[in-house]
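Numbering (the numbering used here), first residue to last: 53 to 378.
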């Protein structure tokens, strides 16, 4: 990393104190040349007090309410740009960063024109890759992770040079300040899910090269937030935002195929995989998505859906405790 480059890492925390502390510890211990900003996304779970007690020099910020991934990260990126940082990295709080990874990422991104993600490994299975690069599925345009075969064809070699990809993983993206300003921040309409795919598409449309750097490695807890009520909300954000992404970036042929194969069958798939009750609930969520599309309602999920998701989650836990008593 060039010695004169000012680098900021933005870590977004939402009800994940232990994960956030482990993430920040990996940054402080293994990446001392990079400043850290931790944002509590309105959870008020004591994480900022814990950070202040354990780590000197780590900046913190409280959003005051849940702004979603897009809004929370935007708050941190904006602060980094205002404070004059040359490079800003967004990082999930459920990651652990290997020493030297940020030096590699910032060294690639600092000159501008390139945004980069690391090789992302499963935190519980460090020998297995979670993200080696992203692409748009050639059949229906779904933004998805590359398979190992696709990553190898794109140029991935262990310890090898960076290689070009179509989509970056939002759990860790490094870009210069000039790139963030040129491409813009995350689209707040997404709130959660597919905001990274949309940003990647906008970046490419502005001539930015997207790369994965296999020498930079991080370990990701993977969807630790999608439990309980958040599992139901995750379905809503996935379906709603997939349709938003498709309407923005995909041709009509792929939009129709995506609707027919990925979206409309979701309740039936959930009924077969779990239960009729699960299928009914997913059907209700899909209907809510349809209403949101008609009304052009984006951002945070409707309060009614959030309340219902909590009730469903509580009922599921109650039934599970009766069937499997401790």
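Yeah, the Cβ is synthetic: ideal placement off N, Cα and C, and Gly gets one too.
**Prompt:** DSSP puts residue 261 in a beta bridge; with which residues?
**Reply:** In the DSSP assignment, residue 261 forms a beta bridge with 166.
**Prompt:** Where does residue 178 sit, in a helix, a strand or coil, going by DSSP?
**Reply:** The three-state secondary structure of residue 178, taken from DSSP, is coil.
**Prompt:** Distance, Cα to Cα, residue 288 vs residue 84?
**Reply:** Their backbone Cα atoms lie some 39 Å apart in a straight line.
**Message:** With a threshold of 8 Å, are at least 3 pairs of Cβ atoms found where one atom belongs to the segment 230 to 239 and the other to the segment 158 to 174?
**Reply:** Enough Cβ pairs lie closer than 8 Å, so yes.
**Request:** Would you mind giving the Cβ-Cβ distance between residue 298 and residue 305, rounded to the nearest angstrom? I have them listed as a contact below 8 Å.
**Result:** By a beta-carbon distance limit of 8 Å, residue 298 does not contact residue 305. Their separation comes to about 11 Å.
**Request:** Helix, strand or coil for residue 215, going by three-state DSSP, please let me know.
**Result:** Residue state for residue 215 is assigned as strand, using DSSP reduced to three classes.
**Message:** Taking the alpha carbon of residue 124 as the reference point, which residue from 70, 62 and 149 has its own alpha carbon closest?
**Reply:** Of the listed residues, the one whose Cα sits closest to residue 124 is 62.
**Asked** For residue 332, does the count of other Cβ atoms within 10 angstroms reach 16, so buried, or fall short, so exposed?
**Response** Within a 10 Å sphere around the beta-carbon of residue 332 sit fewer than 16 other beta-carbons, which makes this residue exposed.
**Request:** Please classify residue 58: does DSSP put it in a helix, a strand, or coil?
**Result:** Three-state DSSP puts residue 58 in coil, outside helix and strand.
**Message:** Taking 7 Å as the limit between beta carbons, can you name the residues of its chain near residue 318, skipping five residues before and five after?
**Reply:** Answer for residue 318: 291, 334 and 338, listed in chain order.
**Request:** Please say whether residue 172 and residue 181 have beta carbons closer to each other than 8 Å?
**Result:** A Cβ-Cβ contact shorter than 8 Å links residue 181 with residue 172.
**Prompt:** Taking the C-alpha atoms as reference points, what is the distance between residue 114 and residue 57?
**Reply:** In this structure, the alpha-carbon of residue 114 lies about 26 Å from that of residue 57.
**C-alpha gap between residue 208 and residue 236, whole angstroms** = Each residue's alpha carbon lies about 28 Å from the other.
**Request:** Please name the residue in 274, 349 and 273 whose C-alpha comes closest to that of residue 295.
**Result:** Of 274, 349 and 273, the residue nearest in Cα terms is 349.
**Prompt:** Enumerated in chain order, which unbroken segments of the alpha helix (DSSP H) with a length of 4 residues or greater are wholly contained in the segment 62 to 150?
**Reply:** 69 to 82, 99 to 106 and 120 to 134, all fully within the segment 62 to 150.
**Supposed close pair residue 93, residue 119 - CB separation, criterion 8 Å** = Indeed, because the Cβ distance is near 6 Å, the residues count as touching under 8 Å.
**Prompt:** Considering only residues of the same chain and omitting the five flanking positions on each side of residue 154, which have a CB-CB separation below 6 Å?
**Reply:** Around residue 154: 83 and 86.
**Asked** Between the C-alpha atoms of residue 74 and residue 326, what's the straight-line distance to the nearest angstrom?
**Response** Distance between the alpha carbons of residue 74 and residue 326: 34 Å.
**Request:** Throw me the rounded Cβ distance for the residue 139 and residue 78 pair, which I believe falls under 8 Å.
**Result:** At roughly 18 Å, the Cβ-Cβ gap does not stay under 8 Å, so residue 139 and residue 78 are not in contact.
**Prompt:** For residue 218 versus residue 244, is the C-beta distance shorter than 8 Å?
**Reply:** Against a cut-off of 8 Å, the Cβ pair of residue 244 and residue 218 comes out as no contact.
**Of the listed residues 336, 263, 177 and 347, nearest to residue 358 (C-alpha basis)** = Closest option to residue 358, Cα to Cα, is 336.
**Request:** With a cut-off of 8 Å on the beta carbons, I'd call residue 227 and residue 263 a contact; round off their distance for me.
**Result:** That pair is no contact at about 11 Å.
**Prompt:** So, is residue 316 buried or exposed, given that buried needs 16 or more other C-beta atoms within 10 angstroms?
**Reply:** Per the 10 Å Cβ criterion, exposed.
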